[in-house]
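Here our numbering = 1-based position in the sequence shown + 3. A virtual CB, placed ideally from N, CA and C, is assigned to each residue, including glycine.
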Amino acid sequence: MIEFIKGTVDYINPEYIVIENNGVGYQILTPNPFIFKRENKEIVYTYQHVREDILALYGFKTREERALFLKLLNVTGIGPKGGLAILASGEPEQVIRAIENEDEKFLVKFPGVGKKTARQIILDLKGKLHDLMPTLHPDLFSEDHEFVDNTSHTEIDEAVEALKVLGYAEREINKVLPELRKEKLSTDQYIKKALQKLLK
């Protein structure tokens, strides 16, 4: 496989770029061709897709972006065109966050991704991206590769307030918070889960 191509950007169109290297122009399909600039020297990390009727080069700014693309290709119902569309429409860390949080609403916004495909992405990839993504966005994962969700948690905040009303000290509540943050639940579900852990 061609690991990368280093050369000068000769041409840009909405679907691909052409990189000139030693007198040869390589047509490379890429999620967002316009992040490259004409006449700039670039390193493009590539994936060569071979089928009976197709021989195509796909290119990415980073190895991590390419790795996410390859993971998406392993999902039933997603081909290279669908993988590119997902990466073109969303930042890799946004895609990972949606997968880890089982956020189907976010995933169905991508072209060609319906509810069934969104569910399949989550089933196939949740918990399997920590090997490549800490290098791309370290704060998404803890030291033991657990997913860390840094978004605001209205439901968790409400559950914490309810637990305080029930008489639990902040010190006790803080002990169970890390476990709660691993899941996306309703306020009631957070309260029930917290009570189960606090009553042990």
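Where residue i falls, given that 16 or more other Cβ within 10 Å makes a residue buried
i, result
"Pro36", "buried"
"Glu186", "exposed"
"Ile159", "buried"
"Ala172", "exposed"
"Ile38", "exposed"
"Leu183", "buried"
"Glu67", "buried"
"Leu181", "Correcting the residue identity first, residue 181 is Pro in this sequence and not Leu. Its Cβ having fewer than 16 others within 10 Å, Pro181 is exposed."
"Pro95", "buried"
"Ala53", "Per the sequence shown, residue 53 should be read as Val rather than Ala. It is exposed - the Cβ of Val53 has fewer than 16 other Cβ atoms within 10 Å."
"Thr33", "buried"
"Thr49", "buried"
"Arg174", "exposed"
"Leu202", "exposed"
"Asn16", "exposed"
Opposing strand residues paired with residue i [DSSP bridges]
i, result
"Ala59", "His52"
"Thr11", "Glu23, Lys44"
"Ile31", "Ile20, Leu60"
Residue from the options with nearest C-alpha to residue i
i, options, result
"Gly10", "Glu23, Asp127, Thr120, Ile159", "Glu23"
"Ile102", "Gly93, Lys129, Glu96", "Lys129"
"Gly28", "Pro17, Asp13, Arg41, Pro34", "Asp13"
"Glu45", "Leu32, Thr79, Val53, Lys64", "Lys64"
"Arg122", "Lys200, Asn177, Glu105", "Glu105"
"Ile5", "Asn43, Leu58, Pro17", "Leu58"
"Ser189", "Thr157, Leu198, Ile176, Arg174", "Thr157"
"Asp191", "Gly115, Gly93, Glu164, Val78", "Glu164"
"Val78", "Arg41, Val116, Gly93", "Val116"
"Gly93", "Lys74, Pro114, Leu76", "Pro114"
"Lys40", "Val21, Glu55, Glu107", "Val21"
"Lys84", "Tyr19, Lys119, Asn177", "Tyr19"
"Val47", "Arg69, Lys112, Val111, Lys118", "Arg69"
"Gln51", "Leu76, Lys118, Asn43", "Leu76"
Beta-carbon proximity check, residue i vs residue j, cutoff 9 Å
i, j, result
"Ile8", "Gly86", "no"
"Phe72", "Leu90", "yes"
"Lys200", "Val168", "no"
"Leu132", "Ile99", "yes"
"Gln97", "Leu60", "no"
"Leu198", "Leu166", "yes"
8 Å contact criterion, which residue i and residue j should meet: CB distance rounded
i, j, result
"Ile194", "Ala162", "5 Å"
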